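Since the structure comes first, as structure tokens, the remarks are kept for the end.
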Amino acid sequence: MRIDDPRIVRLYQIYRYNDFIYMVMEYCPTDLYKVFSAGGKLYEEDIYRYAHDAVLAIKSVHDKNIAHCDIKPANFFIDTYGRVKIGDFGLASFNGSSCSCKMAKGTKLFMAPEVYCKKYTPMKSDIWSLGVTLYFLATQTYPFNAPDIEKLKQCISIGLFATDKVQNKNLLAVISKCLDRDPEKRPTADEILQMPYFKENGKSSGGCCSLFYKCARFSKNIVKPCIKSQRSFGSLQFRCLNNSRIKLSTSMDHLDDSHLIPVC
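Under our numbering, the very last position in the sequence shown is 268; numbers go up by exactly one each time.
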């Protein structure tokens, strides 16, 4: 299944060479975790635009019957134009399949209570993880945290978090809906976009909320790249078979084409 969506990090090509898999992907220099962990001043307008783009990215994925299963700020990448794109689909499930073995490997702080109980509802669990992500954007902290995994499970199962840290009440309403302990009561991405936080801010900003303008306004016109066959790559990231990630900066001129096997 090939996906070409402006809200999803583009995978251009995959090569298998010896014991490694090389993935040539769209370049995104940063992500939401890095931006919100940097300690700089973040205005309410910035939080809204990033939150809005994050919801739109999840909507794009869910509209394709894909559950991401590892929603967190570090998996919302930001390209050179300031656009938010979702990536890292290593745990994703397709067409509503539970993929329970994968979901249990997600990031613990963002896991929904039903995942800990091994009752898997992938897309609804994505919405819970979105709620944790939005809480992080608003407060730079996590709604549920504990010194060990057992206490973390207990905190998440109880579902109580510090609401006073979220200054915007409409955003708090979104977060609270996403963090409902009952998966069936959590809203879809479409329903989230209809909530006052996004509807009212969308009107006040003239409906322009898909770019972080402080970064994007000085950029050149957005041009969709065309990947051509070439013998040398300046820099690329790849995932090893043991699931680790490595960034490679090298010339590939010395490689024998017979050992490079494109798999997509």
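Glycine included, each C-beta is placed from N, C-alpha and C at the ideal position.
Computed from a prediction, not measured in an experiment: that's the story for all the values here.
Please identify the residue among the options whose C-alpha is closest to the C-alpha of residue i.
i	options	result
Met199	Tyr47, Ala58, Asn22 and Leu175	Leu175
Met27	Arg14, Gly43, Phe80 and Gly44	Arg14
Tyr16	Arg6, Phe24, Asp23 and Asn22	Arg6
Leu76	Val119, Val65, Ala58 and Ser64	Checking the sequence, you will find Lys at residue 76 rather than Leu. Answer by Cα proximity: Ala58.
Cys73	Thr192, Tyr37 and Leu134	Leu134
Ile12	Glu30, Cys182, Arg20 and Gly43	Glu30
Asp186	Arg87, Glu195, Thr125 and Ser97	Thr125
Trp132	Leu141, Met115 and Gly86	Met115
Cys121	Ile160, Asn22 and Leu60	Ile160
Thr111	Ser97, Ser41 and Asn79	Asn79
Pro33	Ile179, Tyr85, Ala193 and Leu95	Tyr85
Ala96	Lys123, Met127 and Leu141	Met127
Gly183	Leu156, Asn22, Ala61 and Pro117	For the sequence presented, residue 183 should be read as Leu rather than Gly. Cα-wise, what sits closest to Leu183 is Pro117.
Leu60	Ile162, Arg87 and Arg20	Arg87
Taking the C-alpha atoms as reference points, what is the distance between residue i and residue j?
i	j	result
Thr137	Leu46	16 Å
Ile51	Ile25	36 Å
Tyr201	Tyr54	13 Å
Glu188	Asp83	34 Å
Val65	Ala71	7 Å
Thr143	Leu113	15 Å
Val2	Thr145	Outside the shown range of the chain (5 to 268) lies residue 2, about which nothing can therefore be said.
Lys173	Lys181	12 Å
Val119	Ser129	8 Å
Lys63	Ile196	10 Å
Glu48	His56	12 Å
Lys68	Pro10	14 Å
Pro147	Leu141	11 Å
Ala177	Asp152	29 Å
Arg190	Lys155	24 Å
Arg20	Lys203	46 Å
Ile179	Lys38	21 Å
Gln158	Asn22	44 Å
Thr192	Gly44	32 Å
Tyr139	Ile18	35 Å
Asp194	Phe98	19 Å
Which first and last residues belong to the beta strand (DSSP E) in which residue i is found?
i	result
Gln17	Leu15 to Tyr21
Tyr26	Phe24 to Met29
Lys89	Val88 to Ile90
Measure how close the beta-carbons of residue i and residue j come, nearest whole angstrom, since I'm counting them as under 8 Å.
i	j	result
Asp35	Phe81	5 Å
Where do the N-terminal and C-terminal ends of the alpha helix (DSSP H) with residue i fall, by residue?
i	result
Tyr37	Leu36 to Ser41
Met199	Met199 -> no alpha helix (DSSP H), and no H or E assigned at all.
Ile82	Counting along the chain, Ile82 falls outside any alpha helix (DSSP H), though it belongs to the beta strand (DSSP E) covering Phe80 to Ile82.
Arg53	Glu48 to Asp67
Ala150	Premise fails: Ala150 is in no alpha helix (DSSP H) and is neither H nor E.
Thr137	Pro126 to Thr143
Ile179	Lys173 to Cys182
Glu118	Pro117 to Tyr120
Please classify residue i as buried or exposed, where buried requires at least 16 neighbouring CB atoms within 10 angstroms.
i	result
Ala166	exposed
Leu164	exposed
Ile301	Beyond the ends of the chain as shown, which are 5 and 268, falls residue 301; an answer cannot be given.
Asn149	exposed
Asn205	buried
Asp8	exposed
Ala42	exposed
Phe40	buried
Ile162	exposed
Should residue i be flagged as near chain B, meaning a C-beta pair shorter than 8 Å?
i	result
Leu164	No chain B is part of this structure, which consists of one protein chain only.
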